[in-house]
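Colleague:
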Amino acid sequence: MKRVTSIALSFEKTDFGPVLFGGDLEGGIRLISELGFPAVEISIRDPGLVDRRWLHRLLSETGISISGIATGQAYYNDGLSLTDLKPERRRVCFDRLKHQVDLVAEFGGCLIVGGIRGVLSRDPGEREMQEEAFYSGFRELADFARKVGVTIALEPINRYETNMINTVSEGLDALARLGCDNVGLLVDTFHMNIEEPRIADSIRRAGRAVVYVHIADSNRWAPGFGHTDFGEVLAALDEIGYEGPISAEILPCPTAEEAAMAVARFWKERSTGGARRT
Ligand code: LER
Ligand code: MN
């Protein structure tokens, strides 16, 4: 089965944990290119800061393509969320995301919407307003993205980070409520290890809705450092005919370089049929 292997890096230095080479995107892209990865996922807080000519040159020199642009840093660093109760703050957030869509349209890949949805209030009235704002704003964003050929990947995230769309089932319900043909699911093995009874079964249930995959072991280190059964995960992805990006979104542990090298080793062992642990 064709697989587009990728690693999540960050454009800027960030406290947001599971990205490598924050603040040294160039060094990171050059390293993963040497390690044989065809693609990179870039976590970007503000697309306005990206020198597009520089990025085009870097990608063409290294032969790397972009699998996805991740947007969560706008929430974690700038506090922008799709469920902000203040309409003017939500507007700033959607404008930021539209700018991200432009970047994806120019560079390729898909737009990843995860943590930027924010957190819902405990107050039922506020919660309902937030959900309505989320779904109507998201539909508008998806329409905007469709016009420029961009797909959006909505990511279920575990309960310790948000109280909105934690599981694959909730993700599928959200897709149905959105009703947009250019929005699919991003499944992340780290979150699934917390939320799903069996990761492989949930992947099979999501089926064709899966448009993007994040892999990390149970402790969010590179595959091989925890107890997730990646044999089962990859078999389930094969079963559903998934051929899109599989991006390692992992902590820079023990170091960013070692983490990237461990992911490369993981894929090499899979392609040669090896069963060694990293
Ligand atoms: C982002 O892809 C992710 O997995 C989340 O943990 C962000 O909070
Ligand atoms: Mn993720």
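595 is the number of the first residue of the sequence shown in this note's numbering; add one for each residue after it.
The C-beta atom is built at its ideal place from N, Cα and C for all residues, glycine as well.
Indicate, with yes or no, if the ligand MN has a heavy atom lying under 7 Å from the CB of Glu843.
Modeller: Result yes, Cβ under 7 Å from the ligand MN.
Colleague: Provide the residue span of the beta strand (DSSP E) that contains Leu779, from first to last.
Modeller: Per DSSP, Leu779 belongs to the beta strand (DSSP E) from 777 to 782.
Colleague: Using the Cα positions of Gly673 and Leu714, report the straight-line distance between them to the nearest angstrom.
Modeller: Roughly 14 Å separates the two Cα atoms.
Colleague: Is there contact between the region 675 to 686 and the region 642 to 655, where contact requires at least three CB pairs shorter than 8 Å?
Modeller: With a cut-off of 8 Å, the region 642 to 655 and the region 675 to 686 do not count as touching, because too few Cβ pairs lie within range.
Colleague: Can you check DSSP and say which residues form a bridge with Ala842?
Modeller: DSSP, once it has assigned bridges, lists Ile601, Ile809 as partnering Ala842.
Colleague: Mind checking who Leu614 pairs with in its DSSP beta bridge?
Modeller: In DSSP, Leu614 forms a bridge with Leu603.
Colleague: Does Cys704 come out as helix, strand or coil in the three-state DSSP assignment?
Modeller: Looking at Cys704 - three-state DSSP - the assignment turns out to be strand.
Colleague: In its own chain, which residues sit with a C-beta less than 7 Å from the C-beta of Tyr729, not counting the 5 before and 5 after it?
Modeller: Taken in chain order, the residues that qualify are Arg771, Leu772.
Colleague: At a cut-off of 7 Å, is Asp782 close to the ligand MN when judged by its beta-carbon and the heavy atoms of the ligand?
Modeller: Indeed, a heavy atom of the ligand MN lies less than 7 Å from the Cβ.
Colleague: Using DSSP with H/G/I as helix, E/B as strand and the rest coil, what is Ser637?
Modeller: In the structure shown, Ser637 sits in a strand (DSSP, three-state: E or B).
Colleague: Less than 7 Å separating the Cβ of Glu755 from some heavy atom of the ligand MN?
Modeller: Checking every heavy atom of the ligand MN against the Cβ of Glu755, none is found closer than 7 Å.
Colleague: Say the cut is 7 Å; is the CB of Glu749 nearer than that to a heavy atom of the ligand SAM?
Modeller: Ligands displayed in this structure: the ligand LER and the ligand MN; the ligand SAM is not among them.
Colleague: Per DSSP, which residues does Leu748 bridge with? Please list them.
Modeller: According to DSSP, Leu748 bridges with Val707, Leu779.
Colleague: Cα-Cα, which of Gly818, Ile663, Gln667, Arg802 is closest to Arg859?
Modeller: The shortest Cα separation from Arg859 among Gly818, Ile663, Gln667, Arg802 belongs to Gly818.
Colleague: Ile706: beta carbon under 7 Å from a heavy atom of the ligand LER?
Modeller: Yes - the ligand LER has a heavy atom lying nearer than 7 Å to the Cβ of Ile706.
Colleague: For a test of the three-state rule: what should DSSP assign to Ile658, helix, strand or coil?
Modeller: Correct three-state label for Ile658: coil.
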